[in-house]
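FYI, in this note's numbering the residues of the sequence shown are 734 to 1569.
Since the structure comes first, as structure tokens, the remarks are kept for the end.
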Amino acid sequence: MMDSNAVVSAPVLDEVNFQGAITRACGLIAPIWPLDKWIAVNPFWGLRDKPVKCAERILDQRGGFSFLMPTAFYREAWEGGRISEEDLKESLAQSGIQSSIQPLFDLLKHERTPEEPLCFSVLDAFSANAESVNAADAVNGEIGRLCGAYFDARQGRWSSAGKKKDKGGFFEFWLAAAKQDLSLDYRTGITGARKRLKEIDETQLHAVKNAVTAINLNTDELEVLCHNLLMRVLGWASWSSGVDWRTCLAGEGSEATESLLSALLVWEAVALECASNKQIKARTAAWARIRQALQADGTLSLSAANAQKAKLLWVWQRAFEIGYQRKFVDIISEDRQADRWQEVDPKSANVKTDIQAIFCIDVRSEVMRRHLENDNPRVQTLGFAGFFGLPVSHQSHGPYSEVQRLPGLLAPAYRLIDTEGNTASDSTLNRELDQKEITRESVRHSKYSSLSTFTLVETTGLAWAWKLLKDSLHQKKAEQPGSIANARDNKLVHHIGGDPLTISEKVGLVSGFLKGMSLTRDFAPLLVFVGHGTQTDNNPNHAGLACGACGGQSGGVNARLAASLCNDPQVREGLGDAGIQVPESTFAIAAEHCTVTDEITVFGQKSVPESHQSLLAELEASFVTAGRESRKERATPLKLNGLDDKELLTSMRRRTIDWSEVRPEWGLANNAAIIFAKRKLTRGKNLAGRVFLHDYDSELDAEGEILEALLSAPMMVANWINLQYFASVTAPEVYGAGNKLLHSVVGGNLGVIEGNGTDLRIGLPLQSVHDGTYWRHEPLRLTVLIDAPRERIQAIFERQPDVARLVKNEWLWLHRILPEGGQERFDKGVWKNCSG
């Protein structure tokens, strides 16, 4: 029994105080999305209001890991020339540390020595069970297994406790299961745990209140404990946070994360009740140490020596980033004339633009855009968010759920519905597809039913033998790019209510995306909206290789809708009334870029008028040439160099259907910067597929409304992508998804676990950032380069607090283009010149 004299001394919390601590701790966990709707997430989002160095220390102390690279990484970067002495000196000067650079080299002689681990939970004081599993791991494993059963929407067929989900959230589901678990004490090594859990018959609120009383910590300490407990089951905590996020986005309420944390807190209280005096004293001593070291910013104080080492390691990280930024400034500034907007490529000077191609800002588009313009100076490319500003969900025929085709941070306002042109044809096709799905579901039910026989299962398994053989011999036909986007006509209606859009609403959509890409004049005869997508087989992480923001969906559907709206005569008339004159001679079409093969498929060629057919033929020929050059550039990192173009294209096409291919492409690996400026600034410059490119003309945005939208949306998305890749490299055991070869999919599309683990793996698989020998993503915080006046940028900080937090807390680096050339950097409220 617990010795009351050994309880940690702390003020008794009232309900408001302890609820606030729980809510704040839950807010520190970033959300994640399902596999089939995956988006890149900034895993440090919950800590964005803290300086990045403070956040790193918090995670180091509460989670037991650092999101800086090992010293060996920086040593290799120094020896390989990616960090120069000039970079080191500049980083040291920015840090404010009064020191020579010698201590920096001394630091590289040894790996970072971790601090003595802190025992936040009493579970850490328990001995291992009979199977040599410590109590904390056993409890977390039990929580993980039950999370898998509770959140499973597809795979679970025999969930005996599943019906109890309707009686409450995860807390109630967990408690009911724990009470029935006869092996609970044995597996956790906590004698008497099940008995005490069976005595709990209160609601979640009262159970947690009693648990918090037993734990007996003050508000700040309770928040620290709660964060530590959630970090122990980070995958499921992140999933729960995602459930809360998406439910809130839909205008509903959810407390999934709090429900999970409630179970963890009750376990903590139960363990305290079952603990021996020795274990209680160990816990008391640990919290006395924590209390003494806890500072106002949530971190624990370090020894002078360790504090200095931590600062010096940050100097190396910043020097690594400065090394990239120095080259970045040089590339942007090269060949600049007195006229800052003079064309860099002499071939494109004074050449009439006949084709304007709008690509997603995705870093993979930079390579294709560069080669397309190099091949044909009459083509002008622009960068814009790949959903083209159209917040739609797509409803295809049949019994399928609608698919959201917009950034995961937004909710759809409109629904795009496939149609055959009339209600009777739509109904006939829907019935046919419904019947096919009913048949498939019957087979699935027979296979997984408790009454099915081994004979049935093995017979249906044999039916797949020919398919498995064909797939293994690469005889499967690759899916045609954009087949969904090019399949049928559509009708656009409001997401709520289903009413068709008025002409003025359609004009508003088109006006919005044209202004957003600074394309409101000088329209070319042929306007091309180029979405992008990926093709891979047998790949649970497929969506992570598509758009990094739009829930893993391709952009073909949105591109086709954008082109259709632009060609609408009534929309054109409305645009004219709004001051945007689109010439009658301008015709819009849609296309989709396959990022595995670098092939671009044009949709609806037959709808292009005869007057534009020659331009279409010219465009398609340029797409072929640009694709060939892009494949050559991508060949080396894919270890395909040395092949001619025919062999290279064949190999890349094979990667789309090879079910054993663990890295069909590199996705957004090695992303490092985003630029908001006219294309003339970067045209003809090799940015190596590392930069997001978004068109922006400050002269068309006197009030700064467009820039505000860009910094609060595309920049935010780029930051999420950048830090997702960053964390998957710097802390792969925590924020990476592990080895693809060991993955098992949970809940149909919920997530993956690795091997026999029980916690979800989040972030990117190792194969998406590492080629087996080297990291393919360099962990750099995003550099944001803007062509706009200082005052306009800083005014946005006042109106957009999250933008201000990311900048001022150094989660990214903000640069501005100077009128006379060069760049300046925003540093602690002051603009400082960047040397090239």
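Where is the CB? At the ideal position from N, CA and C, for every residue including glycine.
I'd like to confirm the pairing. Which residues does DSSP put opposite Trp1546 in its beta bridges? Numbered from its first residue, the sequence shown carries residue 1546 at position 813. Trp1546 is bridged by DSSP to Thr1516.
How about His1570 and Gly1141: are their beta carbons less than 7 angstroms apart? The chain is shown from 734 up to 1569; residue 1570 falls before or after that span and cannot be answered.
Tell me, which residues are paired with Ala1410 by DSSP? By 1-based counting over the sequence shown, the position of residue 1410 is 677. Answer is Asp1428.
Near Gly796, which residues of its chain fall below 6 angstroms by C-beta distance, leaving aside the five closest residues on each side in sequence? Here residue 796 refers to the residue found at position 63 when the sequence shown is read from its first residue. Same-chain partners within the cutoff: Met964.
Taking all protein chains shown into account, decide if Pro1132 is buried (16 or more other Cβ within 10 angstroms of its Cβ) or exposed. Here residue 1132 refers to the residue found at position 399 of the sequence shown. Classification for Pro1132: exposed.
Nearest CA to the CA of Thr1086: which residue from Leu801, Gly1400, Ala754, Glu1351? As a working note, residue 1086 is residue 353 in the sequence shown. When only C-alpha atoms are compared, the closest one is Glu1351.
Assigned secondary structure, Cys981 (DSSP; H/G/I helix, E/B strand, else coil): Against the sequence shown, residue 981 aligns to sequence position 248. Cys981: helix per DSSP, three-state reduction.
Nearest to Val1149 by CA position, among Gly1289, Gln835, Phe1053, is which residue? Position 416 of the sequence shown, counted from the first residue, corresponds to residue 1149. Sequence check: residue 1149 is Leu here, not Val. For Leu1149, the closest of Gly1289, Gln835, Phe1053 by C-alpha to C-alpha distance is Gly1289.
Here's the rule: buried if 16 or more other CB atoms are within 10 angstroms of the residue's CB, otherwise exposed. What is Ser1237? Within the sequence shown, the letter at position 504 stands for residue 1237. Within 10 angstroms of the beta-carbon of Ser1237 lie fewer than 16 other beta-carbons, which makes it exposed.
CA-to-CA distance, Lys1169 to Ala932, given in whole angstroms: Stepping through the sequence shown from its first residue, residue 932 is reached at position 199. Stepping through the sequence shown from its first residue, residue 1169 is reached at position 436. Ala is not the amino acid found at residue 932; the sequence shown has Glu there. For Glu932 and Lys1169, the gap between their C-alpha atoms comes out near 50 angstroms.
Should Ala983 be labelled buried (16 or more other beta-carbon atoms within 10 Å of its own) or exposed? Here residue 983 corresponds to residue number 250 of the sequence shown, with the count starting at 1. That one is exposed.
Determine the direct distance from the alpha carbon of Met1250 to that of Glu844, and round the result to whole angstroms. Start at 1 with the first residue of the sequence shown, and residue 844 comes out as number 111. Start at 1 with the first residue of the sequence shown, and residue 1250 comes out as number 517. Their Cα atoms are separated by approximately 47 angstroms.
Should Asn1106 be labelled buried (16 or more other beta-carbon atoms within 10 Å of its own) or exposed? In the sequence shown, the residue the question calls residue 1106 occupies position 373. Before going further, note that residue 1106 is Glu rather than Asn in the sequence given. Buried, by the Cβ-count rule.
Can you give me the C-alpha to C-alpha distance between Asn862 and Asp1492, rounded to a whole angstrom? Here residue 862 is taken as the residue at index 129 of the sequence shown, counted from 1. Here residue 1492 is taken as the residue at index 759 of the sequence shown, counted from 1. Cα to Cα, Asn862 sits roughly 20 angstroms from Asp1492.
Gly1490, enclosing alpha helix (DSSP H) - first and last residue: For this step, residue 1490 is matched to residue 757 along the sequence shown. Counting along the chain, Gly1490 falls outside any alpha helix (DSSP H), and DSSP gives it neither H nor E.
Cβ of Lys1239 within 7 angstroms of Cβ of Leu1298? Numbered from its first residue, the sequence shown carries residue 1239 at position 506. Numbered from its first residue, the sequence shown carries residue 1298 at position 565. Going by C-beta atoms, Lys1239 is nearer than 7 angstroms to Leu1298.
Which runs of the alpha helix (DSSP H) fall wholly inside the segment 822-863 and span at least 4 residues, in chain order? Taken in chain order, the whole alpha helix (DSSP H) runs of length 4 or more contained in the segment 822-863 are 835-840.
Own chain, CB closer than 6 angstroms to Ala773, minus 5 neighbours either side, in chain order: By 1-based counting over the sequence shown, the position of residue 773 is 40. In chain order, Gly1281, Trp1453, Ile1454, Gln1457 place their CB closer than 6 angstroms to the CB of Ala773, counting only its own chain and leaving out the 5 sequence neighbours on each side.
Cβ-based burial, Asn1404 [other Cβ within 10 Å; buried from 16]: Indexing the sequence shown from 1 puts residue 1404 at position 671. Flag for Asn1404 reads buried.
For Pro1233, is the classification buried or exposed, using 16 other Cβ atoms within 10 angstroms of its Cβ as the cut-off for buried? Taking the first residue of the sequence shown as 1, we reach residue 1233 at position 500. Pro1233 is exposed by the Cβ-count criterion.
Using 8 angstroms as the threshold, is the segment 814-834 in touch with the segment 1042-1054, meaning 3 or more CB pairs across them? Enough Cβ pairs lie closer than 8 angstroms, so yes.
Give a yes or no on contact between the segment 1019-1035 and the segment 968-978, applying the rule of three or more CB pairs nearer than 8 angstroms. As far as the Cβ criterion goes, the segment 1019-1035 does not touch the segment 968-978, which means the pair count is below three.
Delimiting residues of the beta strand (DSSP E) encompassing Ala1311: Counting from one through the sequence shown, the residue named residue 1311 turns up at place 578. Following the DSSP letters along the chain, one finds Ala1311 in no beta strand (DSSP E), marked with neither H nor E.
For Arg1523, count the other beta carbons within 10 Å of its own beta carbon; 16 or more makes it buried, fewer makes it exposed. Which is it? Translated into the one-based positions of the sequence shown, residue 1523 becomes position 790. Its Cβ having fewer than 16 others within 10 Å, Arg1523 is exposed.
Exposure label - Asn961; buried when at least 16 CB within 10 Å: Along the sequence shown, read from residue 1 onward, the residue named residue 961 stands at position 228. It counts as buried.
Strictly by DSSP, which residues pair up with Val1112? Walking along the sequence shown from the start, residue 1112 turns up at place 379. Looking at the DSSP assignment, Val1112 forms a beta bridge with Ile1088.
Sheet register partners of Lys1033 (DSSP bridge): Residue mapping note: residue 1033 aligns to position 300 of the sequence shown, counting from 1. In the sequence under discussion, the amino acid at residue 1033 is Leu, which differs from the Lys named in the question. For Leu1033, the beta-bridge partners assigned by DSSP are Leu1027.
With contact counted as at least three CB pairs below 8 angstroms, one residue from each stretch, are the segment 771-786 and the segment 1011-1023 in contact? At 8 angstroms Cβ cutoff, the stretches do not touch.
With DSSP as the reference, identify every bridge partner of Val1563, one or two as the case may be. Against the sequence shown, residue 1563 aligns to sequence position 830. DSSP lists Asp1560 as partners of Val1563.
Inter-residue Cα distance where the pair is Ala858 and Cys1007: To locate residue 858, count along the sequence shown from 1; it is residue 125. To locate residue 1007, count along the sequence shown from 1; it is residue 274. When rounded, the distance between both Cα atoms is 12 angstroms.
In or out: Pro1552 buried (at least 16 other Cβ within 10 Å) or exposed? Reading the sequence shown from its first residue, position 819 is the one you call residue 1552. Pro1552 is exposed by the Cβ-count criterion.
Does the segment 1555-1566 come close enough to the segment 798-810 that 3 or more CB-CB pairs lie under 8 angstroms? Judged by Cβ distances under 8 angstroms, the segment 798-810 makes no contact with the segment 1555-1566, as fewer than three pairs qualify.
I believe Ile1407 touches Met1448 by the beta-carbon criterion, under 8 angstroms. Please report the beta-carbon distance rounded to the nearest angstrom. By one-based count along the sequence shown, residue 1407 stands at place 674. By one-based count along the sequence shown, residue 1448 stands at place 715. At roughly 6 angstroms, the Cβ-Cβ gap stays under 8 angstroms, so Ile1407 and Met1448 are in contact.
Which same chain residues, not among the five before or five after Asn1566, have their C-beta less than 6 angstroms away from its C-beta? Numbered from 1 along the sequence shown, position 833 holds the residue referred to as residue 1566. Once the five neighbours on either side are set aside, the close Cβ partners of Asn1566 are Glu1557.
Quick check on the DSSP output: the beta strand (DSSP E) that includes Ser1129 runs from which residue to which? Start at 1 with the first residue of the sequence shown, and residue 1129 comes out as number 396. No beta strand (DSSP E) contains Ser1129, which DSSP labels as neither H nor E.
So the alpha helix (DSSP H) Val1450 belongs to, where does it begin and stop? Along the sequence shown, one-based indexing puts residue 1450 at 717. It spans 1447-1463 - the alpha helix (DSSP H) in which Val1450 sits, taken as one unbroken run.
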